[in-house]
Amino acid sequence: MQITTVMVVILIAWCLVTIFKNGYNRFRCRSGQPQVQPRGARMAARNGGPSITVIAIMIGLGHSLLAMSGEESLAQVNREIAHPKLKNLERAAS
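Spelled out as structure tokens, the structure:
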């Protein structure tokens with residue numbers, strides 16, 4: 134749980150440092166040429182739809198929450214196994 138929390142904090146800090154260092158420009162293109170977007174992306178942007186960045190951040194946070202819940206489930210199972218854990222696990226496997 135703590136490792137996942139540290140990863141999320143590092144990810145958010147890295148994003149903020151990058152934004153403050155380079156500035157935030159939604160339509161920045163490194164080559165100087167305008168970006169060609171698919172028709173659906175242009176329509177979503179024109180109609181006030183969420184940008185790809187917002188969707189990517191939501192997916193990343195969702196994955197970190199799933200990782201934390203899975204880790205917590207494993208910790209709960211570890212707490213519930215009786216004391217000689219190895220012997221009890223071997224008995225359950227056979």
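When we follow this note's numbering, the leftmost residue of the sequence shown carries the number 134, and every step to the right adds one.
Ideal Cβ positions, reconstructed from N, Cα and C, are used throughout, including at glycine.
Taking G193 and L144 to be in contact with their CB atoms under 8 Å, please state how far apart those CB atoms are, rounded to whole angstroms.
-> That pair is a contact at about 7 Å.
What first and last residue would you give for the alpha helix (DSSP H) that runs through L156?
-> A small fix is needed here, since residue 156 is Gly in this sequence, not Leu. Segment: none, G156 is in no alpha helix (DSSP H) and carries neither H nor E.
Sorted by chain position, which residues of the same chain lie with C-beta nearer than 8 Å to M140's C-beta, five sequence neighbours on each side aside?
-> Excluding sequence neighbours, M140 sits near S197.
How big is the Cα-Cα spacing for A189 and G195?
-> 10 Å
Reducing DSSP to helix, strand and coil, say where S206 ends up.
-> helix
For T137, which of S202, A146, I185 and G156 has the nearest alpha-carbon?
-> Taking T137 as reference, the option from S202, A146, I185 and G156 with the minimal CA-CA separation is S202.
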